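S.K.: Just passing along the structure, written as structure tokens.
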Amino acid sequence: MATNTTLIAPDPAICGRKINLGVIDQIAPRDYSSVLLCFRLSCPYDKHHISRSIGTGVRNAATENPQLLCCVGQNNDGREEMELQWNASSGAYVTFKDYTAPEMSGLWTSGSFDDLDRDHFALEKLPRRLVHGVVTQSSAGLLPCLVVQASFIRGGMVLSFCMHHTLADGPSIYSFAQRFAKHTRAASLGQEAVCQPLLSYTDRSIIVTPEAKVELRDLLDWRVVASDDKFSDGTAYAPGEPTEVKYATYFISESHLRRLRQEVNDASGKKFSELEAVCALIWKCVVQARDIDLARYPEAKLSITVDARGRMLDPNVSSSYWGNFCEPNAVARMPTASLREACPGEADARSKLLRETLSEAARRIRAAITAVDNKAVRRLVGLLHQMPKATSLTWNVDRWPGPDMLIVALNRHLYNSLDFGPELGMSEAMRFTIGNTEGKPDGRCLLMPPRICNGKGLEIMLQYDVRTLERLKGDQLFREFFVWRN
Numbered sequence: 104m105a106t107n108t109t110l111i112a113p114d115p116a117i118c119g120r121k122i123n124l125g126v127i128d129q130i131a132p133r134d135y136s137s138v139l140l141c142f143r144l145s146c147p148y149d150k151h152h153i154s155r156s157i158g159t160g161v162r163n164a165a166t167e168n169p170q171l172l173c174c175v176g177q178n179n180d181g182r183e184e185m186e187l188q189w190n191a192s193s194g195a196y197v198t199f200k201d202y203t204a205p206e207m208s209g210l211w212t213s214g215s216f217d218d219l220d221r222d223h224f225a226l227e228k229l230p231r232r233l234v235h236g237v238v239t240q241s242s243a244g245l246l247p248c249l250v251v252q253a254s255f256i257r258g259g260m261v262l263s264f265c266m267h268h269t270l271a272d273g274p275s276i277y278s279f280a281q282r283f284a285k286h287t288r289a290a291s292l293g294q295e296a297v298c299q300p301l302l303s304y305t306d307r308s309i310i311v312t313p314e315a316k317v318e319l320r321d322l323l324d325w326r327v328v329a330s331d332d333k334f335s336d337g338t339a340y341a342p343g344e345p346t347e348v349k350y351a352t353y354f355i356s357e358s359h360l361r362r363l364r365q366e367v368n369d370a371s372g373k374k375f376s377e378l379e380a381v382c383a384l385i386w387k388c389v390v391q392a393r394d395i396d397l398a399r400y401p402e403a404k405l406s407i408t409v410d411a412r413g414r415m416l417d418p419n420v421s422s423s424y425w426g427n428f429c430e431p432n433a434v435a436r437m438p439t440a441s442l443r444e445a446c447p448g449e450a451d452a453r454s455k456l457l458r459e460t461l462s463e464a465a466r467r468i469r470a471a472i473t474a475v476d477n478k479a480v481r482r483l484v485g486l487l488h489q490m491p492k493a494t495s496l497t498w499n500v501d502r503w504p505g506p507d508m509l510i511v512a513l514n515r516h517l518y519n520s521l522d523f524g525p526e527l528g529m530s531e532a533m534r535f536t537i538g539n540t541e542g543k544p545d546g547r548c549l550l551m552p553p554r555i556c557n558g559k560g561l562e563i564m565l566q567y568d569v570r571t572l573e574r575l576k577g578d579q580l581f582r583e584f585f586v587w588r589n
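Dropping the structure here:
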């Protein structure tokens, strides 16, 4: 078994049927969200048994949620809408690759699992072409919604699953991971599958009642897509830039998280959450490191993903709703000059900075998150319904070359606590990307779930030009709380 791919096809009885998408599904990035889970394997282990368990895990998860076997493509209604459908010639693809086999070992140059661990599972050591399943477009222009790959390396295994964002958002992908782990574990133990079908919505367009008479000027966080714009993107790369771009991973320990929150609280007299405090620190330090032109960009925006399921009223939306429901983002605004203020060394001046900058940033972040409520979602849906095309609106941000950021909060999705059975156990690290961003600064900051070895401490991942990352690594305030890992 050097390499093997299996297609899990949908039930013939549903082939040809489609899922009627909502407008929130339509504005999701038209690309794959990719999860990597890194498992240490202790010898001896049975690759064939592990592979069978994983295959069974995917199959049983798809039995519970047949949407996983859909394919995605653009329809021909003139509105540039995406659609999900079940197709007899497509489904979920599961690939196994053994990079320890003689005929494959030369392809893997990142060393053993221990080597990856020493490098804190740097993404550059986990190249997409080797660890992600191959996504093949059909002759009809359709793509699979789910592609899974298990890659055996010396001392471990890298398990990846790529899910098209049109199908599902972050909370839904984590829901899949929970079911996938449960069924893989049961298969590994030889237990009979107990499948609990997920309540499936084949008409997502009726979930949210749109608000009427909404105008674009009422939603400042959205703008009409210009003719030379790229839909669902906040980046614009000029020819020849940026020069050298890398991912970087930083770590903040549980004790430093508590101290940061306490210092921001003491400076402001308010009680901020760890999320609000850490987002404020990241926002300030990254804008400072990027050396933003204040005259060109007087204001900086920080977007944060918010799961709006539990915020809907009349009717409520179930927390287990499967699809896309993390729009609109929370958007905080702040003068770029305030964020770029250097951190002084004197204790009194530092306290003033915490009070006037970090606490103010945390306050604005809290207000932005609170503002993503039932009314905000219905207003966005109402505005999107009025647009001539599904791609007529996009986020009103400039993440590159501008100063804006997007923080994707995955820290509550406890991937590294999922038990995949006695052979795999729990992953030692999780990595995540949206689309293929290799070589491009995309202005995203990923708050990763805790690793078992790190307690409740958090890793964050950024991708910027090397000069920005070096300045960030040397930032006095940032390194007081964060440790650079790779």
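Numbering (this note's numbering), first residue to last: 104 to 589. Ideal Cβ positions, reconstructed from N, Cα and C, are used throughout, including at glycine. Remember, it's a predicted structure, so these values are computed and weren't measured experimentally.
Out of curiosity, what's the CA-to-CA distance linking Leu302 and Tyr424?
M.R.: Distance between the alpha carbons of Leu302 and Tyr424: 8 Å.
S.K.: Please tell me whether Gly125 and Ile310 are closer than 8 Å, where the distance is taken between their beta carbons.
M.R.: In this structure, the beta-carbon distance from Gly125 to Ile310 falls below 8 Å.
S.K.: How is the beta strand (DSSP E) around Leu397 delimited, first residue to last?
M.R.: Run containing Leu397: none; DSSP gives neither H nor E here.
S.K.: By Cβ distance below 7 Å, which residues in the same chain neighbour Gly160 in space, the five residues on each side in sequence not counted?
M.R.: So the qualifying residues of the chain are Phe283, His286, Thr287, Ala290.
S.K.: Go to Ser154, then tell me how far its alpha helix (DSSP H) extends in each direction, as first and last residue.
M.R.: 150 to 167
S.K.: Excluding the 5 residues preceding and the 5 following Leu172 in the sequence, name in chain order all residues of the same chain whose CB lies nearer than 6 Å to its CB.
M.R.: Pro113, Ala165, Gly194, Ala195
S.K.: With a CB to CB cut of under 8 Å and the five nearest residues on each side skipped, what residues in its chain are close to Glu186?
M.R.: Here the set comprises Lys121, Ile122, Leu124, Val175, Gly176, Gln177, Asn178.
S.K.: Taking 6 Å as the limit between beta carbons, can you name the residues of its chain near Asp272, skipping five residues before and five after?
M.R.: The beta carbon of Asp272 sits closer than 6 Å to the beta carbons of Asn427, Cys429 from its chain, once the five residues preceding and following it are set aside; these are given in chain order.
S.K.: On the DSSP letters alone, give me the boundaries of the alpha helix (DSSP H) that Ile472 sits inside.
M.R.: 462 to 474
S.K.: Note down the Cα distance separating Asp306 from Gly244, rounded to an integer number of angstroms.
M.R.: 23 Å
S.K.: How should Ile555 be labelled, buried or exposed, when 16 other C-beta atoms within 10 angstroms of its C-beta is the threshold for buried?
M.R.: exposed
S.K.: Would you decide whether Asn107 is buried or exposed? Buried here means 16 or more other CB atoms lie within 10 Å of its CB.
M.R.: exposed
S.K.: Under 8 Å, with one C-beta from each stretch per pair, do the region 528 to 543 and the region 430 to 441 reach the 3-pair mark?
M.R.: no
S.K.: Taking 8 Å as the cut-off, decide whether the C-beta atoms of Ala471 and Ile407 are in contact.
M.R.: Yes, they are a contact pair.
S.K.: With a 10 Å radius around its C-beta and 16 neighbouring C-beta atoms as the bar for buried, classify Ser278 as buried or exposed.
M.R.: Buried, because 16 or more other Cβ atoms sit within 10 Å of the Cβ of Ser278.
S.K.: Suppose the cutoff is 6 Å on Cβ atoms and the five residues either side in sequence are ignored; what does the same chain contact list for Ala435 look like?
M.R.: Leu405, Arg467, Ile468, Ala471
S.K.: Pick out whichever of Leu517, Ser137, Phe584, Ala131 has its Cα sitting closest to the Cα of Arg362.
M.R.: Phe584
S.K.: By how many angstroms is the C-alpha of Trp503 removed from the C-alpha of Ala329?
M.R.: 16 Å
S.K.: Quick one: grab the DSSP three-state call for Tyr353.
M.R.: Here Tyr353 sits in strand by DSSP.
S.K.: Does the Cβ of Leu527 have 16 or more other Cβ atoms within 10 Å, making it buried, or fewer, making it exposed?
M.R.: buried
S.K.: Alpha carbon to alpha carbon, what distance is there between Pro147 and Ala131?
M.R.: Using only the alpha carbons, I get a separation of about 43 Å.
S.K.: Following the continuous alpha helix (DSSP H) through Asn477, name the residue where it begins and the one where it ends.
M.R.: 477 to 489
S.K.: Classify Arg326 as helix, strand or coil using the three-state DSSP reduction.
M.R.: Strand.
S.K.: Taking all protein chains shown into account, decide if His151 is buried (16 or more other Cβ within 10 angstroms of its Cβ) or exposed.
M.R.: His151 should be labelled exposed.
S.K.: Could you check where the beta strand (DSSP E) with Phe199 kicks off and where it finishes?
M.R.: 195 to 201
S.K.: In chain order, what residues of the same chain have a beta carbon less than 7 Å from the beta carbon of Pro506, not counting five sequence neighbours either side?
M.R.: Val390, Arg393, Ile395, Tyr400, Ala403, Thr439
S.K.: Between which two residues does the beta strand (DSSP E) containing Ser263 stretch?
M.R.: Here the beta strand (DSSP E) through Ser263 covers 259 to 267.
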